[in-house]
Amino acid sequence: MADLSRDDVAHLASLARIDLSGAELDSMVGELAQIIASVESVQQAPIADVTPMSHPMPITNVTRPDEVRPSLTPEEALAGAPDSELSRFAVPRILTED
Numbered sequence: 223m224a225d226l227s228r229d230d231v232a233h234l235a236s237l238a239r240i241d242l243s244g245a246e247l248d249s250m251v252g253e254l255a256q257i258i259a260s261v262e263s264v265q266q267a268p269i270a271d272v273t274p275m276s277h278p279m280p281i282t283n284v285t286r287p288d289e290v291r292p293s294l295t296p297e298e299a300l301a302g303a304p305d306s307e308l309s310r311f312a313v314p315r316i317l318t319e320d
C-alpha cells in the first residue's frame, strides 16, 4: 500500500466527522500506517485449510425441555390487581385514539 499522507488522514477524519488538530493529524499518519501494515500482515495468513467457524470454542445452547407445570389461574394472577377487565390487567389509558 502507498504511504499515507497528512491529507489522506485529514480526508478520512472528515469522512468520519472527526475534528483533529494539526498535531493529531501528524501523529495519526504513523498510527494509521501501522494499523494498515498490521491488517496486511494478517491478510497474509494461510487460511485455505481453515474451517470457517462462528466462535473459536465449541458452544452448546443450554436449554431446558418445554414442560407444562402448574401455574396461577387467571383469577389468582389478577387477585391483587387494582383493576381488571376480561381476565386482563386494566391500566389507565395514556395514548389517545389520534
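Taking this note's numbering as reference, the numbering of the sequence shown is continuous, increasing by one, and the terminal residue is 320.
For every residue, glycine included, the Cβ atom is placed at its ideal position computed from N, Cα and C.
CB-CB under 7 Å to residue i, same chain, minus the five flanking residues each way: which ones, in chain order?
i	result
L254	L226, V231
A301	none
Rounded to the nearest angstrom, how far is the Cβ of residue i from that of residue j, given a contact under 8 Å?
i	j	result
V251	R228	6 Å
D305	A299	Their Cβ separation, rounded to whole angstroms, is 14 Å, which puts D305 and A299 out of contact at 8 Å.
From the DSSP output, read off the bridge partner residues of residue i.
i	result
R310	E307
Between the options, which has its C-alpha nearest residue i's C-alpha?
i	options	result
P296	S309, V284, T285	S309
Skipping 5 residues on each side, what residues in its chain have a beta carbon closer than 8 Å to that of residue i?
i	result
L247	R228, V231, A232, A235
- Task: Go through the stretch 250-295 residue by residue and report every complete run of the beta strand (DSSP E) that reaches 3 residues or more, in order.
- Result: none
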